[in-house]
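Structure first, commentary second.
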Amino acid sequence: MALRFSSLFLLFSLSVLGQNLHQHVNPMIGTGGHGHTYPGATVPFGMVQLSPDTRIDGSWDGCSGYHYDDTIIYGFSHTHLNGTGCSDYGDIMLMPTMGEPMLSPKDYSSTFAHANEKASAGFYSVKLDKHNIDVALTASTRVGFHQYTFNSSGNANIILDLNHRDKLLQGEVRIVNAKTIEILRRSEAWAKDQYVFARIEFSQPMQINKIRSNSAAQASATDKVFSGTQLALSFSKKVSKGDKIWVKVALSPTGYEGAKLNMSEIPGWNFNKVKEDAEKLWDQQLAKIQITETNKDKLSIFYTALYHTMVQPNIAQDIDGKYRGRDNKIHKAEGFDYYSVFSLWDTFRGAHPLYTLIEKKRTVDFINTFLKQYEQGGRLPVWELASNETDCMIGYHSVSVMADAMAKGIKGFDYELAFQAAKHSAMLDHLGLDAYKRQGFISMDDEHESVSKTLEYAYDDWCIAQMAKILNKKDDYDYFMKRSQSWKNVFDWTTGFMRPKKNGGWDKPFDPREINNNFTEGNSWQYSFFVPQDIPGMIEAYGGNLAFEKKLDEMFNSESKTTGREQVDVTGLIGQYAHGNEPSHHMAYLYNYIGKPEKTKEKVHYILNEFYKNTPDGLIGNEDCGQMSAWYVLSSMGMYSVTPGMPKWDEAKPLFNNVKINFEDGTSEMLTETSNKSRLGITQTKSNWIKPLSSPSIVPVPIILAKSKSFKDSLAIDFDHPHPDHLGSYSYRIVYNNEKGVPFKQYQGEKLTLKETATVEVRFAEMIDKVPFRSQVISGNFFKKPNNYTIDLKSTYNPQYHAGGPEGLLDGINGTTNWRKGDWQGYQTQDFEAVIDLQKEQKVSDFHSTFLQDQRSWILMPTKVEYYVSSDNTNFTLVATVDNDIDPKTDDNQIKDFGITLPKATNARYVKVKAYNYGKLPEWHLGYPYNGDAFIFIDEITIK
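Taking the working numbering, the leading residue of the sequence shown gets 69, the next gets one more, and so forth.
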């Protein structure tokens, strides 16, 4: 028995330590559940991801184009995203059929069964049931290779549909000859203006036998060029049973010549050789980390995780180095390779630190790509896709990637240019940065997701400070280190949570479990531990080691239930820890900082063993371009980067006792359970071994205490400080009518009462080490109501969208198109109805109510608004109806005043406003598959 076990161990050990690692990759992991991965063929960091598409409706679980629950394949396209939460790609779709060609997805699609499906690293195959066609796919870096086996004789068709998945802005097909065509697909989805050029070569001559085109000229099969925003063609050939047709598709971001050049990656038609070459590439890539393990599932989980970190970012240049820049011009990369698909909000945390360990050359390429995008596009990437900045997610986390590389001594890019680009991103005035710079935090009044943005900007600023330190820029270091402490301005020492602020004070009521628009895909629990740049300061703010441990324990042991908005990203809950989304990923390692490594080990191993499985639904949340898997790869080796930008690894007990890392310079290192990994792969430099420079402290900003933002007669104002042990003084000023030059004066505890609209500004001063420091100035705007009207709501607003309660509809304060700031009341599955009491009977002629539309967020204009009047609040008479004239399909956020002036004034004390909800979302809407109901968003009602 012992001999058999030893032989088995040796067998598996040899398979792992040899060069056949691709066999352990299971691309089906993550294709089910909410993983959003794709199963198709690709090579490491390749331009082509050739994969089946089972979803064309833009649904959330179909972001990659494929979901394991589906039974219909629409075609095989050449670009796919790995685990994102937004839908795009699916470019250059081909689909083989038999018989009469059909150009509608409903007609050319086919059922399939997982029993007839295979997926491995660099290869995918499936049987299409409708016409009994076997499809096999493989790829090189820039070329997809199809093999179609027709198991019955007849008329074989290959459908090319350029309207597949997203909106076609410009389509063009050029016929070079009977075996070669060229394609331009310019499309709009998440990336607003994406260019894909392609060259398709068939192994046999094909004839065009059907065309769909909306070009002005009538299309004919003998034409050499086809164009339009509706464009599909069928290419046909007679086949006998068992015949094969091979198709090669080369992609290029630059033009037809680029695609022709890239086609040279696959000469000839030897499908098996190309498949074997792809597998060899994967063997070489996966061998960068070799584990010793006997459990087949653990082998598959580990190497599929490593695989998922290596299918992006994607090479985005032709063989000759030409690429499409962020300025939409063609450039040539000199001395580096240009990449695309940077999901930086996710990947700065784990994936990019992993790349600094095993992909130093590519790390340099990624950063040089960032810098070219800064030079050619005007700023560093946030979430770049196909030379488009999507501005998805928050922060400017490209600076984290650059700072981490600099701190770890990685050379090959211009440090000075990197710093200037980073500083540029931090000094812009968009996305709440203007308020953040002015007052040291972002308020709900300034920008949505205000707490998350404040915290992530503060971390990014710390990264910039580290860059400044390396470059001996002391003034910049001090400035950004000071900004990096801005987390203290949204931390409530009393409750122990990061909290949203509104109009100078805390937003109330507050529930740390509530998912709302003050946080990015999370709640206060999931953001209250995001201070990676100042963990000792965070522990102190919580009250020291014991109190911090208690708070962490409370998070992990709380009820695994959130309140507020349903957030599909928040999955994998352990208490309020959410492993299915990135903000939680560092938290288990925080126990290390209070001398409790056993708790880090316990939590990390639970996550490794419970949230990663060798099944289609084996990921607990979105893969997010390799971040979910990077956490597994690093943590299973017993390491993680809690603070990218700091030249060290945080450690935990590894899942695998023996791990060998093969570095790019030819050296290797064997890791065991007792290995010190804190400096693994980090080049020793003067800058990353010196102690941090001293930097100035900040004084957290005070709080304005007021009952409301608006008032009828008078409003009492007071001040407080978020730190219960604060010792210092307040100075304030009250500004009426935008008066200039009003001086600050010392607050002596006097009673402050507002009787007119005014702005209150206040700051706090205290002594730190016998040196006086002042906080930044905060302000609150308070409005005297234009009348004494009251309102009786007959409908019930969603508690997420309360706008300050009923009186918020009569306060004279108008909401903006950014409804996430909290100024609009939201109603769903009901009409809006309210009665305004004018307090006395009077003549009225003007009726106004303001509504907002953001159809992508399910907020649509009411179909109509009716106004009724009454003298007794019982008998109402309809006096006006205003119909909606805003197209519900428009993508832009719009505000409409459903106002009307009567030709003759009427007497009334009570005015009823009734707005009719759009109802169920229509078939064209993304919410239709979810049986979604439209929201009504209303802000201000005015009666004159």
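For glycine and all other residues, C-beta sits at the position ideal for the given N, C-alpha and C.
Computed from a predicted structure; not experimentally measured.
Open item on the list: Tell me whether the stretch 863-877 and the stretch 943-957 touch, counting them as touching only if at least three CB pairs, one residue from each stretch, are closer than 8 Å.
Closed with: Output reads no: the stretch 943-957 does not touch the stretch 863-877.
Open item on the list: So, at 6 Å on beta carbons, what are the nonlocal neighbours of N999 in its own chain, with the 5 sequence-adjacent residues on each side left out?
Closed with: There are no such residues.
- [ ] Compute the Euclidean distance between the alpha carbons of P811 and F851, then round it to the nearest angstrom.
- [x] Each residue's alpha carbon lies about 21 Å from the other.
Task: Residue burial classification, W574 (beta-carbon count within 10 angstroms, cutoff 16) - done: W574 sits buried, since 16 or more C-beta atoms from the chains shown fall within 10 Å of its C-beta.
Task: Bridge partner(s) assigned by DSSP for N975 - done: Note: N975 sits in a beta bridge opposite K911.
Open item on the list: Nearest by alpha-carbon distance to V979: which of N941, Q962, M707 and S302 is it?
Closed with: Closest option to V979, Cα to Cα, is N941.
TODO: For K886, I'd like the list of residues in its chain whose CB is within less than 7 Å of its CB, leaving aside the five on either flank, ordered along the chain.
DONE: Reading the sequence as shown, one finds Asn at residue 886 and not Lys. Hits under 7 Å: H516.
Task: Span of the beta strand (DSSP E), counted from its first residue to its last, around T1010 - done: Residues F1003 to I1011.
Open item on the list: By DSSP's criteria, H916 is part of a beta bridge. Which residues make up the other side?
Closed with: Its beta-bridge partners are T1010.
Open item on the list: Using the three-state DSSP reduction, which class does H791 fall into: helix, strand or coil?
Closed with: The answer is coil: DSSP assigns H791 none of H, G, I, E or B.
Task: Backbone CA spacing between F1003 and A224 [nearest angstrom] - done: Rounded to whole angstroms, F1003 to A224 spans 49 Å at the Cα level.
TODO: Can you give me the Cβ contacts of H647 inside the same chain, cut-off strictly under 6 Å, excluding the 5 residues immediately before and after it?
DONE: Excluding sequence neighbours, H647 sits near G640, I675, F679 and I688.
- [ ] Examine the Cβ distances between the stretch 428-438 and the stretch 464-481 and report whether three or more of them are shorter than 8 Å.
- [x] Enough Cβ pairs lie closer than 8 Å, so yes.
TODO: Excluding the 5 residues preceding and the 5 following M161 in the sequence, name in chain order all residues of the same chain whose CB lies nearer than 6 Å to its CB.
DONE: Hits under 6 Å: G143, S145, D229 and H232.
- [ ] With DSSP collapsed to three states, give me the class of K819.
- [x] DSSP places K819 outside both helix and strand once states are collapsed to three, so it counts as coil.
Open item on the list: Quick check on the burial criterion: 16 or more other C-beta atoms within 10 angstroms. Buried or exposed for L76?
Closed with: Any reading at L76 must be qualified, since the residue scores a pLDDT of 34, below 50, and its modelled position is unreliable; the value itself is stated next. A residue is called buried once 16 or more other Cβ atoms fall within 10 Å of its Cβ, and L76, having fewer, is exposed.
TODO: Count the other C-beta atoms from every protein chain shown that fall within 10 angstroms of the C-beta of E807, then say buried if there are 16 or more, exposed otherwise.
DONE: Residue burial is scored here from C-beta neighbours: E807 has fewer than 16 other C-beta atoms within 10 angstroms and is therefore classed as exposed.
Open item on the list: Using 8 Å as the cut-off, can you tell me whether the stretch 296-304 makes contact with the stretch 270-281, which would need three or more C-beta pairs spanning the two stretches below that distance?
Closed with: Yes, the stretch 296-304 touches the stretch 270-281.
Open item on the list: So, with DSSP's three-state summary, where would you put Y645?
Closed with: Strand, per DSSP.
- [ ] Can you check the stretch 417-484 for any beta strand (DSSP E) of at least 3 residues that lies completely inside it and give the ranges in chain order?
- [x] Qualifying beta strand (DSSP E) stretches, in chain order: 451-453.
Task: Top-ranked residue by Cα proximity to T360, from H199, D129, K728 and W314 - done: Nearest C-alpha to T360 among H199, D129, K728 and W314: K728.
Task: Neighbourhood of S132 by C-beta, 8 Å cutoff - its chain only, sequence neighbours within 5 removed - done: A distance below 8 Å between beta-carbons, with the five flanking residues on each side excluded, links S132 to the following residues of its chain, in chain order: T99, H104, T105, Y106, S119, H148, L149, N150, G151 and T152.
Task: Contact belief for G296 with G239 at Cβ below 8 Å, rounded distance in angstroms - done: About 6 Å separates the two Cβ atoms, so the contact holds.
Open item on the list: If you follow the alpha helix (DSSP H) that I334 is in, where does it begin and where does it stop?
Closed with: I334 -> no alpha helix (DSSP H), and no H or E assigned at all.
Task: Unbroken beta strand (DSSP E) run spanning F218, endpoints - done: V211 to F218 is the span of the beta strand (DSSP E), which, as asked, contains F218.
Open item on the list: Please report the distance separating the alpha-carbon of Q380 from that of T588.
Closed with: When rounded, the separation of the alpha-carbon atoms in Q380 and T588 is 24 Å.
Task: From T290, A285 and G310, residue whose alpha carbon lies closest to that of Q298 - done: Ranking the options by Cα distance to Q298, first place goes to A285.
TODO: Output the boundary residues of the beta strand (DSSP E) element that contains T165.
DONE: Note, T165: beta strand (DSSP E), M161 to M166.
TODO: Would you kindly work out how many angstroms separate the C-alpha atoms of K364 and K521, rounded to a whole number?
DONE: Whole-angstrom Cα-Cα distance: 42 Å.
Task: Supposed contact pair Q695 and T415 - C-beta distance, whole angstroms, cut 8 Å - done: About 5 Å; that satisfies the 8 Å criterion.
TODO: Pull up the distance between the alpha-carbon of F80 and that of M470, whole angstroms please.
DONE: Reliability of the predicted coordinates at F80 is poor, the pLDDT of 38 falling under 50, and the value obtained from them is presented with this limitation in mind. Roughly 39 Å between the two C-alpha positions.
Task: Reduced DSSP secondary structure (H/G/I, E/B, other) of Y595 - done: It is helical.
Open item on the list: So the candidates are V241, P173, L329 and S320; which of them puts its Cα closest to the Cα of S288?
Closed with: In terms of CA proximity to S288, V241 leads the group V241, P173, L329 and S320.
Task: Through-space distance from D514 to N975, alpha-carbon basis - done: Each residue's Cα considered, the two are about 41 Å apart.
Task: Separation of Y464 from E901, as counted between CA atoms - done: Rounded to whole angstroms, the separation of the alpha carbons of Y464 and E901 is 43 Å.
- [ ] Return helix, strand or coil for A285, following the three-state DSSP convention.
- [x] Coil, per DSSP.
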